[in-house]
Amino acid sequence: MLNKFFLLGYGITIIIAAFCMHFKPNKKNLLVLGILSVILINTIFLEFESFFNISGALTSNIYVTVHFVLWFLVLLNHNTFVKPIVVSLAIVLFLVLSLFNFSFGEGIKQFNHYNFVIGTFIYIPLFLAESFIHLKKERTDYFSSNEFTLLMAPIIYFMGFSLLFSFRSKKISEEIIFANIDLFSLLTTTINCIYLILITLYMHSEFKKGKTSTKLTPPM
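The working numbering puts the first residue of the sequence shown at 1096, with every later residue one more than the last.
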């Protein structure tokens, strides 16, 4: 049921993103569209694997790796104070640690929880460093900017699931909170809704900027 809800949510968001990108196409917006597409594809695979009772560990592990790398690339293509070489090294570090965990840690037959946690603990310090530098330079307008909204979008997603995955306890995930709704379902729905809302707000703002610039461009 949740997967169907997410399929609808991410499907609608991709349509909105593609429409907005028509007015302001750039590499960063293409990466955002790529992120949404990867999530949608993973959700479709999970629905397919659930229907045929197939383990979704491998596809989920690939999804986590691609998802984090795409967000690191968004940061790399951001007009950031954090040096590009630092972000590039962060990508390499994430891939090396993920491959090590995949090969010698949790393995290929189960979902690699620690890869998600590793990605989170690499992305968040980069995000905080960027925010701190803007604050130090007294550029407070940055925190109400569209750029900040974009970089902030995955924070709740990363932190929420990392907290859930770090326990690695099925009992905790299945703990009933209220009205037969378990902790995993509640957190998953809340986190994905916030994630979708922030990305939609970013794309809507890009759409308005793109429309404005189109109107200001003189006809040839």
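Where is the CB? At the ideal position from N, CA and C, for every residue including glycine. Since the structure is predicted, the reported quantities are computational estimates derived from the model, not experimental observations.
Rounding to the nearest angstrom, what Cα-Cα distance links residue i and residue j in this structure?
{"i": "N1124", "j": "K1178", "result": "21 Å"}
{"i": "T1235", "j": "F1163", "result": "27 Å"}
{"i": "E1144", "j": "I1157", "result": "15 Å"}
{"i": "E1201", "j": "L1128", "result": "30 Å"}
{"i": "I1228", "j": "Y1297", "result": "22 Å"}
{"i": "T1283", "j": "V1182", "result": "28 Å"}
{"i": "F1206", "j": "G1214", "result": "14 Å"}
{"i": "S1226", "j": "F1147", "result": "45 Å"}
{"i": "L1351", "j": "K1303", "result": "In the structure as shown, the chain starts at 1096 and stops at 1315, and residue 1351 therefore has no counterpart that could be examined."}
{"i": "P1314", "j": "S1150", "result": "Reliability of the predicted coordinates at P1314 is poor, the pLDDT of 48 falling under 50, and no value is obtained from them."}
{"i": "T1244", "j": "K1122", "result": "17 Å"}
{"i": "L1230", "j": "S1300", "result": "23 Å"}
{"i": "Y1237", "j": "L1246", "result": "11 Å"}
{"i": "I1180", "j": "S1240", "result": "24 Å"}
{"i": "F1199", "j": "F1167", "result": "24 Å"}
Spatial neighbours of residue i within its chain, please: CB distance less than 6 Å, with the 5 preceding and 5 following residues excluded, ordered by chain position.
{"i": "N1098", "result": "In this prediction, N1098 has a pLDDT of 49, which is less than 50 and means its spatial position is unreliable; what the coordinates show is noted afterwards. Same-chain partners within the cutoff: T1138, L1141 and E1142."}
{"i": "S1193", "result": "T1160 and N1210"}
{"i": "S1155", "result": "F1206"}
{"i": "I1289", "result": "I1251"}
Kindly examine the ligand PLP and report whether one of its heavy atoms sits closer than 7 Å to the Cβ of residue i.
{"i": "Y1237", "result": "The ligand PLP is absent from the structure shown, which contains no ligands of any kind."}
Going by beta carbon distance, what residues of the same chain come within less than 8 Å of residue i, once the five residues before and after it are set aside?
{"i": "F1161", "result": "The sequence given here places Val at residue 1161; Phe does not occur at that position. The residues are V1133."}
{"i": "L1153", "result": "I1203"}
{"i": "H1208", "result": "E1201, F1260, S1261 and R1263"}
{"i": "I1219", "result": "I1250, F1253 and M1254"}
On the premise that residue j lies in contact with residue i, defined as a C-beta separation below 8 Å, what is that separation, rounded to the nearest angstrom?
{"i": "S1257", "j": "V1212", "result": "5 Å"}
{"i": "L1221", "j": "L1170", "result": "6 Å"}
{"i": "H1173", "j": "E1233", "result": "Actually they do not touch by this definition, with Cβ atoms about 20 Å apart."}
{"i": "N1210", "j": "V1159", "result": "5 Å"}
Can you give me the Cβ contacts of residue i inside the same chain, cut-off strictly under 7 Å, excluding the 5 residues immediately before and after it?
{"i": "L1090", "result": "Shown here, the chain extends from 1096 to 1315; a query on residue 1090 therefore has no answer."}
{"i": "I1217", "result": "A1185, L1188 and F1189"}
{"i": "I1286", "result": "I1251, Y1252, G1255 and F1256"}
{"i": "A1224", "result": "V1177"}
* To do: Would you check if there are 3 or more beta carbon pairs closer than 8 Å linking the segment 1250-1257 to the segment 1285-1294?
  => yes
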